Amino acid sequence: MEVIRIENLCKRFGRLEVLKGINLSVEQGEIVSIIGPSGSGKSTLLRCMNHLEIADSGSIVVDGTHIARAHETTGRAVYLPNKEILSVCSRLGMVFQNFNLFPHKSVLENIIEAPMTVKGMKREEACVIARDLLRKVGLSQKETAYPFELSGGQKQRVAIARALAMEPEIMLFDEPTSALDPELIGEVLQVIKQLASEHMTMVIVTHEMNFAREISDRVLFMDQGVVLAEGSPEDIFVNPKHSRIQTFLNIVAKTGESGGLADSSGSGFTDGATAGEAGQLGMPDGKAGGRTLLKYGRSGEKTDARGKGGAE
Ligand SMILES: Nc1ncnc2c1ncn2[C@@H]1O[C@H](COP(=O)(O)OP(=O)(O)OP(=O)(O)O)[C@@H](O)[C@H]1O
Ligand SMILES: [Mg+2]
Numbered sequence: 073m074e075v076i077r078i079e080n081l082c083k084r085f086g087r088l089e090v091l092k093g094i095n096l097s098v099e100q101g102e103i104v105s106i107i108g109p110s111g112s113g114k115s116t117l118l119r120c121m122n123h124l125e126i127a128d129s130g131s132i133v134v135d136g137t138h139i140a141r142a143h144e145t146t147g148r149a150v151y152l153p154n155k156e157i158l159s160v161c162s163r164l165g166m167v168f169q170n171f172n173l174f175p176h177k178s179v180l181e182n183i184i185e186a187p188m189t190v191k192g193m194k195r196e197e198a199c200v201i202a203r204d205l206l207r208k209v210g211l212s213q214k215e216t217a218y219p220f221e222l223s224g225g226q227k228q229r230v231a232i233a234r235a236l237a238m239e240p241e242i243m244l245f246d247e248p249t250s251a252l253d254p255e256l257i258g259e260v261l262q263v264i265k266q267l268a269s270e271h272m273t274m275v276i277v278t279h280e281m282n283f284a285r286e287i288s289d290r291v292l293f294m295d296q297g298v299v300l301a302e303g304s305p306e307d308i309f310v311n312p313k314h315s316r317i318q319t320f321l322n323i324v325a326k327t328g329e330s331g332g333l334a335d336s337s338g339s340g341f342t343d344g345a346t347a348g349e350a351g352q353l354g355m356p357d358g359k360a361g362g363r364t365l366l367k368y369g370r371s372g373e374k375t376d377a378r379g380k381g382g383a384e
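Here the sequence shown is numbered in our numbering, starting from 73 and rising by one per residue.
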């Protein structure tokens, strides 16, 4: 069963065309990763899916409901009334790069907030669910802690628990590990892998190539607002048909190997890739954007990593 269908989605910010006719379909239980260079529109696409951004034209169908329908003649995206959209989008859980926890609330309060206020759940019931989820993400002992008392990896695991507390049918992850110190990435990926083993439908924007390769049923490569290629992990990572994908993968691999990496503003680049290669990826300043890049050994074990994406 198809749980998300996106057709011919276009979005511009002023004169900048960020999404140029995206098509995407996600089946129930499927894990779809979206990779591609910085600025290619990955976050904007995710944000359009759960109505954090308004698309200009095209259709977005979630769980069989058109939250936006392309107008018959103009193609403009015509949206459902907000209340109905909220109800449909509550089936989507989102996890952000920078956690977005409420800083003045404890871990437990962060998790029970939405079930109580959005779903009208009683506090006791919400607490039972929250404690279950904290066990699941390995943070039972942290329920009274505040976000400032947690490591990045712990914050992100709380953020995942918070999204799961709304019992979403689909989880959207936007670079969930790119703000983390390298040694904390594994614990977050492990939680996502556990969700995968439970057949949660997931759309994951990531720069962790080995993780994407291992976990995904399907991989989309986005470049300059279009889906340049789509296929099995093998199609994309082993036999990429497009030279642009190979260039991108080379940059990621080189950057990981050299350990050269972005500064905390997220704009620096790397002694690992040449400005020419970055230029080929459509980055006018020859920068590929800052993020944590990891290199894994054959076993999937992390072998070398450096750098940080500049989070809270
Ligand atoms: N709210 C906004 N207003 C104006 N421009 C925006 C806005 N959000 C994104 N953009 C621009 O849209 C383009 C795509 O951004 P987006 O964040 O979707 O890229 P991305 O593929 O997620 O990149 P990254 O890998 O760096 O996260 C970029 O050029 C960005 O500067
Ligand atoms: Mg992004």
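The C-beta atom is built at its ideal place from N, Cα and C for all residues, glycine as well.
Only a predicted model underlies this, so the values are computations on that prediction, with no experimental measurement involved.
Which residues have a Cβ closer than 5 Å to any heavy atom of ligand 1, listed in chain order?
PHE85, VAL90, SER110, GLY111, SER112, GLY113, LYS114, SER115, THR116 and GLY361
If we define contact as Cβ-Cβ less than 9 Å, is ALA186 a contact residue for chain B?
Structure shown: chain B not included; a single protein chain is present.
Proximity of ILE76 and VAL275 at Cβ, strictly below 9 Å: As a working note, residue 76 is residue 4 in the sequence shown. As a working note, residue 275 is residue 203 in the sequence shown. Yes, they are a contact pair.
* What number of angstroms, rounded off, separates the C-alpha of SER129 from the C-alpha of THR145? -> Position 57 of the sequence shown, counted from the first residue, corresponds to residue 129. Position 73 of the sequence shown, counted from the first residue, corresponds to residue 145. Those two C-alpha atoms are separated by around 11 Å.
What does a CB cutoff of less than 6 Å around GLY147 pick up in its chain, not counting 5 residues either side in sequence?
Residue 147 sits at position 75 when you count from the first residue of the sequence shown. Here the set comprises SER129.
Cβ-heavy atom distance between GLU280 and ligand 2 below 8 Å? Looking up residue 280 in the sequence shown gives position 208. GLU280 Cβ: outside cutoff for every heavy atom of ligand 2.
Query raised in the report: Looking only at C-alpha atoms, which of LYS155, ILE287 and GLU306 sits nearest to SER269?
Result: Translated into positions along the sequence shown, residue 269 becomes position 197. Minimum Cα distance to SER269 is reached at ILE287.
Indicate, with yes or no, if ligand 2 has a heavy atom lying under 8 Å from the CB of VAL134.
Walking along the sequence shown from the start, residue 134 turns up at place 62. VAL134: no, Cβ never under 8 Å from ligand 2.
| Best match in PHE220, LEU267 and MET238 for proximity to GLY101 [C-alpha to C-alpha] | As a working mapping, residue 101 is identified with position 29 in the sequence shown. GLY101 has its Cα closest to that of LEU267, out of PHE220, LEU267 and MET238.
### Message
Do ILE183 and LEU205 count as a contact pair if the criterion is CB distance below 9 Å?
### Response
On the sequence shown, residue 205 is found 133 positions in, with the first residue counted as 1. On the sequence shown, residue 183 is found 111 positions in, with the first residue counted as 1. Their beta carbons are under 9 Å apart, which means LEU205 touches ILE183 by this criterion.
Report task. Report, in whole angstroms, the separation of the C-beta atoms of ASN282 and ALA231, which I expect to be a contact under 8 Å. Result -> Position 210 of the sequence shown, counted from the start, is the residue given in the question as residue 282. Position 159 of the sequence shown, counted from the start, is the residue given in the question as residue 231. That belief does not hold up - the Cβ atoms of ASN282 and ALA231 are roughly 23 Å apart, past 8 Å.
Next on the checklist: DSSP three-state label for THR145, please.
Outcome noted: Taking the sequence shown and counting its residues from 1, one reaches residue 145 at position 73. In this structure, THR145 counts as coil in the three-state DSSP scheme.
Notebook entry, point to check: Per DSSP, which one or two residues make a beta bridge with THR92?
Noted result: One-based indexing of the sequence shown puts residue 92 at position 20. Checking the sequence shown, residue 92 turns out to be Lys, not Thr. Answer by DSSP bridge pairing, in chain order: CYS82.
With C-beta atoms as the reference, is ILE107 less than 9 Å away from VAL291? Indexing the sequence shown from 1 puts residue 107 at position 35. Indexing the sequence shown from 1 puts residue 291 at position 219. Going by C-beta atoms, ILE107 is nearer than 9 Å to VAL291.
*Output the boundary residues of the beta strand (DSSP E) element that contains VAL275.*
For the purposes of this step, residue 275 is taken as residue 203 along the sequence shown, with counting starting at 1. 273 to 277 is the extent of the beta strand (DSSP E) around VAL275.
*Paired residues, beta bridge with THR137 - DSSP*: Residue mapping note: residue 137 aligns to position 65 of the sequence shown, counting from 1. The partner list for THR137 (beta bridge, DSSP) reads VAL134.
Assign PHE168 to one of three DSSP states: helix, strand, or coil.
Along the sequence shown, one-based indexing puts residue 168 at 96. Three-state result, PHE168: coil.
TODO: Just the C-alpha distance for CYS161 and MET243, rounded to the nearest angstrom, thanks.
DONE: As a first step, residue 161 must be located in the sequence shown, where it is residue number 89. As a first step, residue 243 must be located in the sequence shown, where it is residue number 171. Near 11 Å, if we compare the C-alpha coordinates of MET243 and CYS161.
Practice task
With hydrogens ignored, establish whether the beta-carbon of VAL277 is closer than 8 Å to any heavy atom of ligand 2.
Solution key: Taking the sequence shown and counting its residues from 1, the one referred to as residue 277 is at position 205. Yes, the Cβ of VAL277 comes within 8 Å of a heavy atom of ligand 2.
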